[in-house]
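Residue numbers (my numbering): 1463 to 1721. For every residue, glycine included, the Cβ atom is placed at its ideal position computed from N, Cα and C. Given the structure is predicted, the values throughout are model-derived calculations rather than measurements.
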Amino acid sequence: MTGTWCRLMFDPPRSGPWNMAVDETLLHSAAAGRSTLRFYTWHEATLSLGYFQSWQSFAALPWAATLPAVRRPSGGGAILHGGDLTYALAVCVGAGGSFHSRALYERVHQALVEALAELGVRATLAASPARQEGPHPFLCLESVAAADVLLSGVKVAGSAQRRRGGGLLQHGSVQVRPIEGMAGLGDREEGTGHKGLGGIEGLGGQRVDPMTLARRWSVRISNVLGLSLEPGELDAAEQQEAQRLVEERYGAMSWTRRR
């Protein structure tokens, strides 16, 4: 197909610091005019904090010592990774760029709904919710925004964005199945009770292979955004930049605990 060129990456499971470092590296590349759509998973259960979230709000939870944490470059609520498919889309929004944040959020999520339908999962997009009173929920799955993805009325996917220069990074998580070995995190008294933690499998009973979903979703994204996807990998300079970010930021506790 013809359209805006975009690199397509299907990455193996990696650590939290590496995954976040790569996503930020892709944002830098997008600002320079190189767009990327990346799908990935995590080699162990990990919690990612939103950029503005307090470390103490995580550390105070009784299960905090049981899993590693990393801070994302984007805002929003915390995400428990391990039973999910994660994606990152980094595009140019500067001079000559044709992508806008709100439309990107809605279109990528609509593409997910369509990809899930191909696999027999009937998901929907959330309407604009009523204004929430009180403190913002700690977990991303506990807070529903317009165009988030719902299954049986329960949130199973959401995204967050970060802009820098002429680049826009949107990355997010689709809870496919329960997090292996961490079933107790669904207990409301533990401060993480949410049906969405059971994932698509827990809510509807369907087994969804993450990478099968990723491939179908990538086709839908390319169609709705007019992207010409070409398989690729990080180049040498990007790998070096990602490693630097791991060492100086995402793998450093001073960064993770900075707020």
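Burial state of residue i, where buried means 16 or more other Cβ atoms lie within 10 Å
i, result
"Met1471", "buried"
"Pro1535", "buried"
"Gln1702", "exposed"
"Asp1697", "exposed"
"Gln1632", "buried"
Euclidean distance between Cα positions of residue i and residue j
i, j, result
"Val1686", "Ser1516", "36 Å"
"Val1708", "Ala1483", "6 Å"
"Gly1495", "Val1553", "8 Å"
"Ala1493", "Thr1674", "30 Å"
"Glu1700", "His1505", "21 Å"
"Ala1531", "His1562", "30 Å"
"Val1611", "Cys1602", "12 Å"
"Ser1590", "Ser1605", "12 Å"
"Gly1667", "Ile1641", "15 Å"
"Ala1540", "Gly1512", "6 Å"
Which of helix, strand or coil DSSP assigns to residue i
i, result
"Tyr1513", "coil"
"Glu1506", "coil"
"Arg1721", "coil"
"Ala1714", "coil"
Residue range of the alpha helix (DSSP H) that includes residue i
i, result
"Arg1534", "Arg1534 -> no alpha helix (DSSP H), and no H or E assigned at all."
"Leu1489", "Gly1478 to Ala1493"
"Ser1563", "Ser1563 to Glu1580"
"Arg1682", "Pro1672 to Leu1687"
Rounded Cβ spacing between residue i and residue j (contact assumed at less than 8 Å)
i, j, result
"Gly1688", "Gly1545", "Not confirmed; about 32 Å, so no contact."
"Thr1548", "Thr1503", "7 Å"
First through last residue of the beta strand (DSSP E) which encompasses residue i
i, result
"Leu1551", "Asp1546 to Cys1554"
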